[in-house]
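Residue numbers (the numbering used here): 189 to 516. Note that CB positions come from ideal geometry on N, CA and C, so glycine has one too.
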């Protein structure tokens, strides 16, 4: 069975039982998502035009959400403060597609997204475009974004896989300097900006995202440096706010360390059950880089689309900040 999912108190028996409790249809969907077999079918579904009736149902659901969903920021942004920005950056169609056209679930995700955005960026910046250009929400954070992006830990976007899905990449090296000099909020701002870049890709919208996390700890991980609040914040953003779907997540390690044995289960603890079920472990202890490539290839990855650390030939573009500023 190629799937595993972890949390601090889960045993192997618990994991097997959770997977076994799924219906045949649910198991088939996970398998298809993992190997990209249903990517074309998903794209057809997500590329159809949203009807006015569906948009009206979304608006009604948003207006009638209970108070605990904190929809005030979302309603204000959509109707008063920046309706054109909402239309361009966080169009309700994104949230409807993410929630399989369920208007109430889409409205809840839309409200959660805007509540998170205001909490992260503050009222002064939250209703500005997510941009590095002058007048954008990140125009004061250019150096932060550049330094985070140039860190080996935060490479973040690889070429699409062979099924046309966007690929998110992280090297989870706790010893890297970026993990020591940046505050929790600064790291989250980078993640927020990076995911907005992914949201602009048609592949992310129509086919979803697959992620690769390289557990490149090198034995430096310390439990005292594990930031539970940051991992909980990241997981909440992905689970409740982000209007694009993760189809699979690949966890890779070539040695047994505290980061592999404790960090991954602790981080996944905050994720949804569905997300955990989509995690695929590649524990290739003592194996060379070529083994990473061989292990990933069946899931739709090729050498040209993977970085050197995974046995590939892809070279990261280090001038991307300037390119993004020109685009924006």
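Under the three-state reduction of DSSP, which class applies to residue 280: helix, strand or coil?
Translated into the one-based positions of the chain shown, residue 280 becomes position 92. Looking at residue 280 - three-state DSSP - the assignment turns out to be helix.
Alpha carbon to alpha carbon, what distance is there between residue 284 and residue 241?
Counting from 1 along the chain shown, the entry for residue 241 is found at position 53. Counting from 1 along the chain shown, the entry for residue 284 is found at position 96. Roughly 12 Å between the two C-alpha positions.
If you draw a straight line from the C-alpha of residue 249 to the C-alpha of residue 265, how long is it?
By 1-based counting over the chain shown, the position of residue 249 is 61. By 1-based counting over the chain shown, the position of residue 265 is 77. The alpha-carbon atoms of residue 249 and residue 265 are separated by roughly 16 Å.
Leaving aside the five residues before and after residue 399 along the sequence, list all residues of the same chain whose C-beta is less than 8 Å from its C-beta, in chain order.
As a working note, residue 399 is residue 211 in the chain shown. The answer, listed in chain order, is 355, 356, 357, 358, 434, 436, 437, 438.
Apply the 10 Å Cβ neighbour rule to residue 209 and answer buried if 16 or more other Cβ atoms are within range, or exposed otherwise.
As a working note, residue 209 is residue 21 in the chain shown. Flag for residue 209 reads exposed.
Provide the residue(s) that pair with residue 402 in DSSP beta bridges, ordered along the chain.
Here residue 402 refers to the residue found at position 214 of the chain shown. BP columns for residue 402 point to 359, 440.
Among 376, 402, 382, 352, which has the Cα closest to the Cα of residue 396?
The residue you call residue 396 lines up with position 208 of the chain shown. Here the closest residue by C-alpha is 352.
Within its chain, find whatever has a CB closer than 7 Å to the CB of residue 243; leave out the 5 residues flanking it on each side and keep chain order.
Here residue 243 is taken as the residue at index 55 of the chain shown, counted from 1. These residues qualify, in order along the chain: 280.
Quick check on residue 310: buried or exposed, where buried means 16 or more other Cβ atoms within 10 Å of its Cβ?
As a first step, residue 310 must be located in the chain shown, where it is residue number 122. Exposed, since its Cβ has fewer than 16 Cβ neighbours within 10 Å.
Three-state secondary structure (DSSP) at residue 494?
For the purposes of this step, residue 494 is taken as the residue at position 306 of the chain shown. Correct three-state label for residue 494: coil.
Taking C-beta to C-beta, are residue 387 and residue 431 nearer than 8 Å?
Sequence index remark: in the chain shown, residue 387 carries index 199 (1-based). Sequence index remark: in the chain shown, residue 431 carries index 243 (1-based). Cβ distance < 8 Å, so residue 387 and residue 431 count as in contact.
Residues sharing a beta bridge with residue 502, DSSP
The residue labelled residue 502 in the question sits at position 314 within the chain shown. Answer is 495.
Quickly, what does DSSP pair residue 467 with across the bridge? List them, please.
The residue you call residue 467 lines up with position 279 of the chain shown. Partner(s): 437.
With distances taken from CA atoms, which of 289, 247, 226, 429 is nearest residue 267?
Counting from 1 along the chain shown, the entry for residue 267 is found at position 79. The option with the nearest alpha carbon to residue 267 is 247.
Delimiting residues of the alpha helix (DSSP H) encompassing residue 426:
Here residue 426 is taken as the residue at index 238 of the chain shown, counted from 1. Note, residue 426: premise wrong, no alpha helix (DSSP H); not H, not E.
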